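Working notes, structure below.
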Amino acid sequence: PVIQPRYRVPYSRMQPLQMVLQSLQEKGVIADVDCPTDRVHNLVITEKKNENLRLCIDPKPLNRAIKRE
């Protein structure tokens, strides 16, 4: 199990981030999780050229857990 400490989100990106997350939730892309999970990964936020936000997941701990052949 891996639980990373959260990355801080700049205050200037909080409202746009909440809007993007709400939109993704309404479309059924993401959902709230109300139960314990084995893995929690950080959200990495970057800005696109058109000033929209791009959401990514930091895969470093996940990559360490993958068994390589």
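The sequence shown runs contiguously to residue 49 in the working numbering.
We treat Cβ as the ideally placed atom computed from N, Cα and C, and that holds for glycine.
Keep in mind it's a predicted model, so treat the numbers as computed, not measured.
> What three-state label does DSSP hand R44 in the structure shown?
Replying inline: helix
>> Tell me the residue span of the alpha helix (DSSP H) that contains R(-14).
In response: Counting along the chain, R(-14) falls outside any alpha helix (DSSP H), and DSSP gives it neither H nor E.
>> Starting from E27, trace the beta strand (DSSP E) in both directions and tell me its first and last residue.
In response: Where E27 is concerned, the enclosing beta strand (DSSP E) stretches over L23 to E27.
> Closest to L23 by CA distance: which of R48, P41, D14 and E31 is it?
Replying inline: The shortest CA-to-CA distance from L23 to any of R48, P41, D14 and E31 is the one to P41.
> Could you give the residue range of the beta strand (DSSP E) that holds I37?
Replying inline: L33 to I37
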